[in-house]
Each structure stands twice: as C-alpha cells, then as structure tokens.
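Participant:
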Amino acid sequence: MAIDYLKRAFLITGNKNYKSHAKKILKTINTDSRAKNSIEHFSAAFSKQS
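Residue numbering for the sequence shown follows the working numbering, beginning at 81 and increasing consecutively.
#1: Roughly how many angstroms lie between the CA atoms of lysine 87 and threonine 108, to the nearest whole one?
#2: What does the alpha-carbon distance come out to for the pair leucine 91 and leucine 106?
#3: If you follow the alpha helix (DSSP H) that isoleucine 109 is part of, which residue opens it and which one closes it?
#4: Using a threshold of 9 Å, state whether the C-beta atoms of alanine 89 and asparagine 95 are closer than that.
#5: Quick check on DSSP: helix, strand or coil for asparagine 97?
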C-alpha cells in the first residue's frame, strides 16, 4: 500500500523523490511470486518510468 500512496503523491506533485522511494521499497520485496495484476507489479512499472 505504501507504494500506491507514493505513486499518487508523485502524480499529484510531480516530485521524483516519491518515485525514488518506491524503487527502494520494491528492492526489498519479492514480486516474482505475486499475481501479475498485483499492486506491486503496477508499482514496479511506475517506478521504472523516467
């Protein structure tokens, strides 16, 4: 859920620090075992965008 809030904050403010923080969180979780439509997969796509 934290990643989803970071994504929303980024979309509202445009502050790229939110995206950087999301990347740090994603490095600590294993998304391979999650469903392809899980929030982690959507968030991973968000944090990889430039």
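By construction, the Cβ of each residue, glycine as well, lies at the ideal position given by its N, Cα and C atoms. Being a predicted model, the structure only gives us computed values, none of them experimental.
Facilitator: Concretely, from the data shown:
#1: Within the sequence shown, the letter at position 7 stands for residue 87. Within the sequence shown, the letter at position 28 stands for residue 108. So the two alpha carbons sit approximately 17 Å from each other.
#2: One-based indexing of the sequence shown puts residue 91 at position 11. One-based indexing of the sequence shown puts residue 106 at position 26. Leucine 91 and leucine 106: Cα-Cα distance of roughly 18 Å.
#3: In the sequence shown, residue 109 corresponds to position 29, counting from 1. Unbroken run through isoleucine 109: none, as it is neither H nor E.
#4: Reading the sequence shown from its first residue, position 9 is the one you call residue 89. Reading the sequence shown from its first residue, position 15 is the one you call residue 95. Yes, these two residues count as a Cβ contact at 9 Å.
#5: Within the sequence shown, numbered from 1, the residue matching residue 97 stands at position 17. Helix.
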